[in-house]
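Structure first, then comments.
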Amino acid sequence: MTHTISLSVNGERYTREVEARMLLSDFIRGEVGLTGTHVGCEHGVCGACTILIDGVAARSCLMFAVQADGAKIETVEGLASRGGALSTLQVAFRDNHGLQCGFCTPGFLMAAHEFLNGPDVSTDREVVREAISGNLCRCTGYETIIDAIIEVAGMELENRK
Amino acid sequence: MKPSPFEYLRPDTLEAALRALSDHKDRDAKVLAGGQSLVPMMNFRVAAPEVLIDLNGIGELSGISEEDGVLRIGAMTRAAAVKSNAQVALRMPLIPMAYEHVAHATVRNRGTLGGNLCHCDPASEMPMVMLVCEAEMEIAGPGGTRTEAAEDFFLGTYTTSLEPDEILTAIRIPFARPGARFAFEEVSLRRGDFAMVAVGVRLEAEGGICKSLAIGLCGIATVALRAEAAEAEAAGHELARLNPAQLAETAVAGIPFEDTATQTAAFRRDTTRALVQRALETCLTSEAT
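Quick mapping for you: the protein sequence lines, in order, are chains A and B. By this note's numbering, the letter at position 95 of the first sequence is numbered 79, and the numbering carries on one by one without gaps. Converting from the second sequence to this note's numbering requires adding 17 to each position, the first position being numbered 1.
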């Protein structure tokens, strides 16, 4: 049995027939064709598949696509401008060497994106560490990722003054 | 891996959800809350329900309110919402203390308090917290609603007293009494992982006398438990004369600790003892709420 779902991904509307068991991560990659959302562990441990659903960060491997009917999804592809210019956060990751192999990066970017736009944004190293503690990186040792997020958090707090 | 095929239902009222559960009771029907435990199990095919009843469209199951000295948290209220709620922090400070150790932000965004409790993982913090605050579960079934004390609800590993055709609708938590003190301690491999051991303490005192002490433990047995012998040992005594080290010894005395793949029984016993002692010291030196 299939379900017709209609949802927005990075501002574009997609209407598709899906099986109930199709994971949202597989829908984004296979049906929408946006492969920036990476699938690592498929059981909610690694955080590589993190997206925003109605503005809230979630693991897309722990939701079924049918549950996202009517939702507004944002993926890593939505961070850069349409012309391809990287977002401030993406630039900060590049400048601070916040990535090496890049597999975990989309998840980190989306988790950090929620943190930086949320009420608890902070330049405190421990707070940032806690904010990204649900994402695994096997290359960087995290310190450079934290550096990148702190840099943007500083700008964000300055902007909010 | 990918989940097995299933039929997906999304009722928009509790009544419709209960009817769906009854209608499909011969087909291994399961309710879906936040999905942060059930969906991984389905991805691994450890769980393969034939019918999945999604509760996420039922607004009446979410929300936090209070009435007659009781805090009521709808079962589908997200962990993130409970963790950051000022009313919860005021009425039962142990809950936000414990949530600092529960999973990570993105999991708490989706995971629900009710789902967490019904999953009943032996190393999960929240069932233990419910034992310590002596919460009651509000349960709806085909015959109406019933309430059950936390101590009767959590039965064992992944096992609660919930019948297959019932749904947990809310959790009722008595307000912290004036003068109550709380502490929470945990050891886990990484912050946010399931607890190797976690300890929650509620201490109520009046005029320098310990009126009631509740010590909850999780991660060390098939289900969260209370250290009743240590609790009884403290009740009625002057706070100044309570000995945290002695009470912690009593707390672990009756527990048959076993070796696990990564930890010896002696390590688990000693860790538990140390955390109980630390939590009691924190309570005894902290300001009453």
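Backbone N, C-alpha and C define an ideal beta-carbon position, used for all residues, glycine too.
**Item:** Alpha-carbon spacing of B:R258 relative to B:G225, whole angstroms
**Value:** Locating residue 258 of chain B in the second sequence gives position 241, where the first residue counts as 1. Locating residue 225 of chain B in the second sequence gives position 208, where the first residue counts as 1. Rounded to the nearest angstrom, the two C-alpha atoms are 10 Å apart.
**Message:** For the ligand FMN, is there any heavy atom lying closer than 8 Å to the beta carbon of B:A278?
**Reply:** For the ligand FMN, the structure offers nothing, since it holds no ligand at all.
**Prompt:** Does A:T89 come within less than 9 Å of chain B when only Cβ atoms are used?
**Reply:** Residue mapping note: residue 89 of chain A aligns to position 105 of the first sequence, counting from 1. So no, A:T89 is outside the interface.
**Prompt:** What three-state label does DSSP hand B:D71 in the structure shown?
**Reply:** Locating residue 71 of chain B in the second sequence gives position 54, counting from the first residue. If DSSP states are grouped into helix, strand and coil, B:D71 belongs with the strands.
**Prompt:** Per DSSP, B:K19 is paired with what?
**Reply:** One-based indexing of the second sequence puts residue 19 of chain B at position 2. None, per the DSSP bridge assignment.
**Asked** Taking contact to mean at least 3 C-beta pairs separated by less than 8 Å, is the stretch 282 to 289 of chain B in contact with the stretch 169 to 186 of chain B?
**Response** no
**Message:** By DSSP's criteria, B:P191 is part of a beta bridge. Which residues make up the other side?
**Reply:** Along the second sequence, read from residue 1 onward, the residue named residue 191 of chain B stands at position 174. According to DSSP, B:P191 bridges with B:V87.
**Request:** Please determine, among B:A246, B:S21 and B:A251, the residue with the shortest C-alpha to C-alpha distance to B:K228.
**Result:** Looking up residue 228 of chain B in the second sequence gives position 211. Comparing Cα-Cα distances from B:K228 to each of B:A246, B:S21 and B:A251, the minimum goes to B:A251.
**Message:** Please report the distance separating the alpha-carbon of B:C235 from that of A:V111.
**Reply:** The residue you call residue 235 of chain B lines up with position 218 of the second sequence. The residue you call residue 111 of chain A lines up with position 127 of the first sequence. About 26 Å.
**Request:** Can you tell me which of B:I156, B:D85 and B:H136 puts its alpha carbon nearest to the alpha carbon of B:Y175?
**Result:** Residue mapping note: residue 175 of chain B aligns to position 158 of the second sequence, counting from 1. Answer by Cα proximity: B:H136.
**Contact with chain B by A:H(-13), beta-carbon distance below 9 Å** = For the purposes of this step, residue -13 of chain A is taken as residue 3 along the first sequence, with counting starting at 1. Yes, because at least one Cβ of chain B sits closer than 9 Å to the Cβ of A:H(-13).
**Prompt:** Does A:T19 have its Cβ less than 9 Å from a Cβ in chain B?
**Reply:** Your numbering for residue 19 of chain A matches position 35 in the first sequence. Judged by the 9 Å Cβ criterion, A:T19 is not in contact with chain B.
**Request:** Kindly indicate which residue of B:E155, B:A65, B:R108 and B:A34 has the alpha-carbon position closest to the one of B:N73.
**Result:** If you number the second sequence from 1, residue 73 of chain B lands on position 56. If we check each option's Cα against that of B:N73, B:A34 comes out closest.
**CB contact below 9 Å: B:N133 versus chain A** = Counting from 1 along the second sequence, the entry for residue 133 of chain B is found at position 116. Judged by the 9 Å Cβ criterion, B:N133 is not in contact with chain A.
**Prompt:** By Cβ distance, which residues of its chain are closer than 7 Å to B:F61, with the 5 residues on each side in sequence left out?
**Reply:** Numbered from 1 along the second sequence, position 44 holds the residue referred to as residue 61 of chain B. Cβ neighbours of B:F61 beyond the five flanking positions: M18.
**Prompt:** Quick one, which residues of the stretch 178 to 208 of chain B are near chain A if we go by CB-CB under 7 Å, in chain order?
**Reply:** R208
**Message:** Let me see if you follow: with CB-CB separation under 9 Å, is B:M18 close to chain A or not?
**Reply:** In the second sequence, the residue the question calls residue 18 of chain B occupies position 1. Cβ-Cβ to chain A under 9 Å: yes for B:M18.
**Residue-level contact to chain A via CB, B:F23, 9 Å cutoff** = Taking the first residue of the second sequence as position 1, residue 23 of chain B is located at position 6. Interface residue, yes.
**Item:** Euclidean distance between Cα positions of B:A98 and B:N126
**Value:** Position 81 of the second sequence holds residue 98 of chain B. Position 109 of the second sequence holds residue 126 of chain B. So the alpha carbons of these two residues sit roughly 8 Å apart.
**Request:** Just the C-alpha distance for A:R113 and A:I130, rounded to the nearest angstrom, thanks.
**Result:** The count along the first sequence starts at 1 and reaches residue 113 of chain A at position 129. The count along the first sequence starts at 1 and reaches residue 130 of chain A at position 146. Near 7 Å, if we compare the C-alpha coordinates of A:I130 and A:R113.
**Request:** Give every residue of the same chain whose Cβ lies closer than 7 Å to the Cβ of B:A193, excluding the five residues on either side of it in the sequence, and list them in chain order.
**Result:** One-based indexing of the second sequence puts residue 193 of chain B at position 176. For B:A193, where only same-chain residues beyond five positions count, the Cβ hits under 7 Å are R108, M109, P110 and T306.
**Prompt:** So, helix, strand or coil for B:A197, using DSSP?
**Reply:** Taking the second sequence and counting its residues from 1, the one referred to as residue 197 of chain B is at position 180. If DSSP states are grouped into helix, strand and coil, B:A197 belongs with coil.
**Request:** Might you give, ordered along the chain, the residues of its own chain that have their beta carbon closer than 8 Å to the beta carbon of A:D104, omitting 5 neighbours on each side?
**Result:** Taking the first sequence and counting its residues from 1, the one referred to as residue 104 of chain A is at position 120. If we look at A:D104 and ignore the five residues flanking it on each side, its Cβ neighbours are V111 and A115.
**Prompt:** Do the stretch 20 to 40 of chain A and the stretch 65 to 75 of chain A make contact, defined as three or more Cβ pairs closer than 8 Å?
**Reply:** no
**Message:** Assuming A:L7 and B:P57 are in contact, meaning their beta carbons sit under 8 Å apart, how far apart are those beta carbons, in whole angstroms?
**Reply:** Sequence index remark: in the first sequence, residue 7 of chain A carries index 23 (1-based). Sequence index remark: in the second sequence, residue 57 of chain B carries index 40 (1-based). Between B:P57 and A:L7 the Cβ distance is about 11 Å, and since that is not below 8 Å, they are no contact.
**Request:** Sort B:C150, B:A270 and B:V48 by Cα distance to B:A64 and report the nearest one.
**Result:** Position 47 of the second sequence, counting from 1, holds the residue named residue 64 of chain B. When only C-alpha atoms are compared, the closest one is B:V48.
**Asked** Once you ignore the five residues that flank A:L(-9) on each side, which residues in its own chain have a CB closer than 7 Å to its CB?
**Response** As a position in the first sequence, residue -9 of chain A is number 7, starting the count at 1. Result list for A:L(-9): Y(-2), A52, D53, G54, A55 and I57, in chain order.
**Item:** Beta-carbon proximity list for A:L141, same chain, < 6 Å, skipping 5 on both sides
**Value:** Within the first sequence, numbered from 1, the residue matching residue 141 of chain A stands at position 157. Here the set comprises nothing.
**Item:** Within-9 Å CB hit, A:G31 to chain B
**Value:** In the first sequence, the residue the question calls residue 31 of chain A occupies position 47. Chain B contact via Cβ: present.
**Prompt:** Does the Cβ of A:N143 have 16 or more other Cβ atoms within 10 Å, making it buried, or fewer, making it exposed?
**Reply:** As a first step, residue 143 of chain A is located in the first sequence; it is residue number 159 there, counting from the start. Looking at its Cβ environment, which holds fewer than 16 other Cβ atoms inside 10 Å, A:N143 is exposed.
**Prompt:** Can you tell me the Cα-Cα spacing of B:A270 and B:T277, whole angstroms?
**Reply:** Walking along the second sequence from the start, residue 270 of chain B turns up at place 253. Walking along the second sequence from the start, residue 277 of chain B turns up at place 260. In a straight line, the C-alpha of B:A270 is about 19 Å away from that of B:T277.
**Request:** Return the residue from the list A:A49, A:D10, A:A132 and A:G31 that minimises the CA-CA distance to B:T123.
**Result:** Within the second sequence, residue 123 of chain B is the residue found at index 106, counting from 1. Per the Cα distances, A:G31.
**Message:** Can you check whether the C-beta of A:M139 is within less than 9 Å of a C-beta belonging to chain B?
**Reply:** The residue given as residue 139 of chain A occupies position 155 in the first sequence. Closer than 9 Å: no.
**Asked** Looking at the structure shown, is B:L297 part of a helix, part of a strand, or coil, going by DSSP?
**Response** On the second sequence, position 280 is the one that residue 297 of chain B refers to. B:L297 falls in the helix class under three-state DSSP.
**Request:** Output yes or no for whether 9 Å exceeds the beta carbon distance between B:I184 and B:G161.
**Result:** Here residue 184 of chain B corresponds to residue number 167 of the second sequence, with the count starting at 1. Here residue 161 of chain B corresponds to residue number 144 of the second sequence, with the count starting at 1. It is not a contact, given that the beta carbons lie outside the stated cut-off.
**Request:** Measure the Cβ-Cβ separation of A:T124 and A:P90 and say whether it is below 9 Å.
**Result:** Taking the first sequence and counting its residues from 1, the one referred to as residue 124 of chain A is at position 140. Taking the first sequence and counting its residues from 1, the one referred to as residue 90 of chain A is at position 106. Their beta carbons are not under 9 Å apart, which means A:T124 does not touch A:P90 by this criterion.
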